[in-house]
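First residue of the sequence shown: 26, per the numbering used here; consecutive thereafter. Yeah, the Cβ is synthetic: ideal placement off N, Cα and C, and Gly gets one too. Each remark here refers to the structure printed beneath this line.
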Amino acid sequence: MHSFDVIVIGGGHAGCEAAAVAARMGARVALVSFDLDAVGAMSCNPAIGGLGKGHLVREVDAFDGLIGRAADAAAIHYRMLNRSKGSAVQGPRIQADRRLFKAAIHRLLKEQGDLTLVAGEAAELVLAQGRVTGIRLADGTQLSAPATILCTGTFLGGTLFRGEERLVGGRIGEASAQKLAQQMRGANLPMARLKTGTPPRLDGRTIDWGRLEEQASDADAWTMSALGQRTVPQVFCAITRTNPQTHDIIRANLDRSPLFSGAIGAQGPRYCPSIEDKIHRFADRDGHQVFLEPEGLSTHLVYPNGVSTSCRPMSNWP
Ligand SMILES: Cc1cc2nc3c(=O)[nH]c(=O)nc-3n(C[C@H](O)[C@H](O)[C@H](O)COP(=O)(O)OP(=O)(O)OC[C@H]3O[C@@H](n4cnc5c(N)ncnc54)[C@H](O)[C@@H]3O)c2cc1C
């Protein structure tokens with residue numbers, strides 16, 4: 026039996042912050058995550074902040090959190106959204122190199138007092154007299170603590186949809202937390218399910234950047250963290266649009282999209298519709314904006330922001 030003051034399950038943004046703040050306050054903390062190499066991994070677009078979310082990052086930063094400093098250590102593109110409007114509605118947003126972001130989180134976690142990283146699946150909450158007294162890992166190891174914090178993100182009983190394909194997983198290529206999800210369901214707690222989406226990535230070497238509207242990183246040296254500095258070379262993003270041909274292909278495949286076949290019943294974020302949703306809901310539009318955002322300095326991957334989809338892979342997207 027290993028004993029701690031606080032156990033945090035999950036090494037994503039939430040779990041790293043929870044573990045770090047508890048350790049900074051002097052607690053002995055165990056941060057348990059499936060794969061320690063994935064601690065600090067960015068799930069989807071390697072971007073931090075944006076409208077509504079940039080404020081949150083700065084609030085966490087004001088409490089000495091990690092996310093703002095890690096964002097500055099990894100930022101390859103800074104953009105203040107709503108710049109022409111008042112400061113209350115501006116949204117600081119950075120595009121990160123995901124490799125540098127993860128490295129920064131690992132470095133910052135090491136600086137946070139008595140914090141132990143534990144690799145493994147938290148399979149079960151251990152209960153005594155109706156209280157959680159610790160957790161049991163899938164290999165049988167038991168950890169005890171008076172407080173356990175769940176930061177399981179998209180992994181709790183997660184299912185991935187790609188057209189008609191179904192996969193069990195928390196993120197592509199990663200297991201999901203089925204046992205813990207089962208225990209939570211068994212406890213009859215109120216449950217809801219959310220959905221999110223992601224676009225297919227592009228190979229930047231196949232993009233004719235010269236024909237696109239360029240979006241440079243902001244020149245004024247603002248940072249996400251009050252303690253941050255710009256140290257990483259900056260890249261530019263670009264803007265393009267879908268066209269009627271793209272829309273025709275998507276319309277012809279709508280019945281095979283799990284969003285439209287009814288296979289996905291969960292709610293999605295209000296401001297983040299999939300491209301098939303946009304084409305369906307705004308049928309009169311002949312194009313939707315797509316921001317092409319490089320995923321890092323040492324990769325050719327480009328994230329086409331604006332075309333997240335549940336459609337099956339297709340080789341004939343124009
Ligand atoms: C495809 C996709 C697209 C997304 N798009 C967006 C977006 O556009 N905007 C946005 O804000 N968010 C998006 N998200 C949501 C994104 O997951 C969250 O914003 C963010 O990652 C949540 O951080 P988190 O720390 O809560 O959880 P996560 O980043 O999901 O981290 C959870 C961690 O917990 C670990 N874990 C879970 N259960 C266990 C267990 N039982 N035992 C051990 N370890 C466990 C996992 O291994 C993982 O490391 C997207 C997610 C996905 C998968």
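In the structure shown, residue 74 falls within a strand segment according to DSSP collapsed to helix, strand and coil. In terms of side-chain proximity, the C-beta atom of residue 69 is found nearer than 8 Å to a non-hydrogen atom of ligand 1.
In this structure, the beta-carbon distance from residue 61 to residue 36 falls below 9 Å. Taken through DSSP and simplified to helix, strand or coil, residue 300 comes out as helix.
Fewer than three Cβ pairs drawn from the stretch 150 to 169 and the stretch 62 to 72 lie within less than 8 Å of each other, which leaves the two stretches out of contact.
As a beta-bridge residue in DSSP terms, residue 264 pairs with 238, 316. Excluding the 5 residues flanking it on each side, residue 314 has same chain C-beta neighbours closer than 7 Å at 264, 266, 331, in chain order. Annotation for residue 188 indicates a beta carbon at 8 Å or more from all heavy atoms of ligand 1.
Ranked by how close their Cα comes to the Cα of residue 209, the residues 256, 177, 78 have 177 in first place.
Per the coordinates, the alpha-carbon of residue 271 lies some 43 Å from the alpha-carbon of residue 43.
At least one heavy atom of ligand 1 lies less than 8 Å from the C-beta of residue 64.
Apart from the 5 residues on each side of it in sequence, residue 335 sits with its Cβ closer than 8 Å to the Cβ of 186, 187, 188, 222, 282, 283, 284, 289, 299, 301 in its chain, given in chain order. For residue 126, the secondary structure class from DSSP, reduced to helix, strand or coil, is helix. The shortest CA-to-CA distance from residue 246 to any of 138, 197, 256, 142 is the one to 256. Judged by pairs of C-beta atoms under 8 Å, the stretch 50 to 60 does not touch the stretch 100 to 120, as fewer than three such pairs exist.
By the criterion of at least three beta-carbon pairs nearer than 8 Å, the stretch 197 to 214 is not in contact with the stretch 228 to 235. Note on the stretch 152 to 213: whole beta strand (DSSP E) runs with a minimum of 3 residues are 156 to 162, 167 to 169, 172 to 175, 184 to 187, 190 to 193, in chain order. Here the C-alpha atom of residue 125 lies approximately 27 Å from the C-alpha atom of residue 147. In this structure residue 328 is in contact with residue 226, their Cβ atoms being roughly 6 Å apart against a cut-off of 8 Å. In this structure, the straight-line span from the alpha carbon of residue 165 to that of residue 46 is close to 28 Å.
Residue 48 and residue 114 have their alpha carbons spaced roughly 33 Å apart.
In this chain, the alpha helix (DSSP H) harbouring residue 46 covers 38 to 49. Remark: the shortest separation between the CB of residue 299 and any heavy atom of ligand 1 does not fall under 8 Å.
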